[in-house]
Each structure stands twice: as structure tokens, then as C-alpha cells.
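In UniProt numbering, the protein residues as written are 1 to 148.
Have a look at the structure below before the remarks.
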């Protein structure tokens, strides 16, 4: 892979992550599922104060099916910053993104808080399928969570 191809891959992965944030915040569940590889590994076990084994999900469809009802009645704002993307081959890459999210559950939400402001990092592995980059693995580690 030459320098131009690496830059093109990094730009495509950056756009992919932007779609991840946008589709989640707009509740476009089909669009969110489309950013993932079908055999996605979503690891959010350490995204809360206690290690939660139930937050490891295999498969894009099961992950979105689990996430959608939780966030449907929640206004969310997700931001990703300062990506560190490493191209490993023409069809694989890894990345770390600093992240910040804010969640405001509506009255109908079952979440146990009225506001959450989180900070941390997404650790990801990407693969290219049919010429398109997809998130194959996603793990969230939190540095801080403020909730009320």
C-alpha cells in the first residue's frame, strides 16, 4: 500500500466513524448496522463503573437490536476526536478515538439517570468488505462518567 492509498484508507475510516456517531444520534438503526461488519464484536463490558459481562455482543444485527430499545427514548450526542489510525494491510486497520458523549433520557426511558456525560476511548479494528471499510471490533473504555 503506497502513501496515497494509506491516506485514502484513513479518510474512509474517519468518514465511517463519523457515520457511526451520526446514525447513533439520529436513531438511524439500519444506518448504524451498516457501519459494522456482520460478525462485529462489540465489547462494552468496561464502559460502566462495574465490569458487566452482558455487554459483550457478537454480530452487528444483535448489537443494534440490543442498543436501539435502550437509546430510542434518549437524546444522545457523541463526539470522536483525535483518531490514531494504523493501516495494517489493504483490508485491515486499527484505531483509537478519544470520545465524549452526553445522554439525556426522556421520561419514557428506563435508564436510571436523567443525564450522563462520559469521556473515554473507542478501540477499534476495521476491515474492508467489498471495497468498503467496516468496524469489525469496537470496545469502549471510560475515563470518567458524570451522571445525575
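We treat Cβ as the ideally placed atom computed from N, Cα and C, and that holds for glycine.
Source: prediction; values computed, not measured.
Here the C-alpha atom of residue 133 lies approximately 6 Å from the C-alpha atom of residue 126. When secondary structure is reduced to three states using DSSP, residue 120 falls in the strand class.
In terms of CA proximity to residue 139, 44 leads the group 44, 16, 113 and 98. Beta-bridge pairing by DSSP links residue 132 to 129.
The Cβ neighbour count for residue 130, taken over all protein chains shown within 10 Å, is under 16; the residue is labelled exposed. The C-beta separation of residue 75 from residue 104 comes to about 4 Å, placing the pair in contact by the 8 Å criterion. By the neighbour-count definition (other C-beta atoms within 10 Å, threshold 16), residue 42 is a buried residue.
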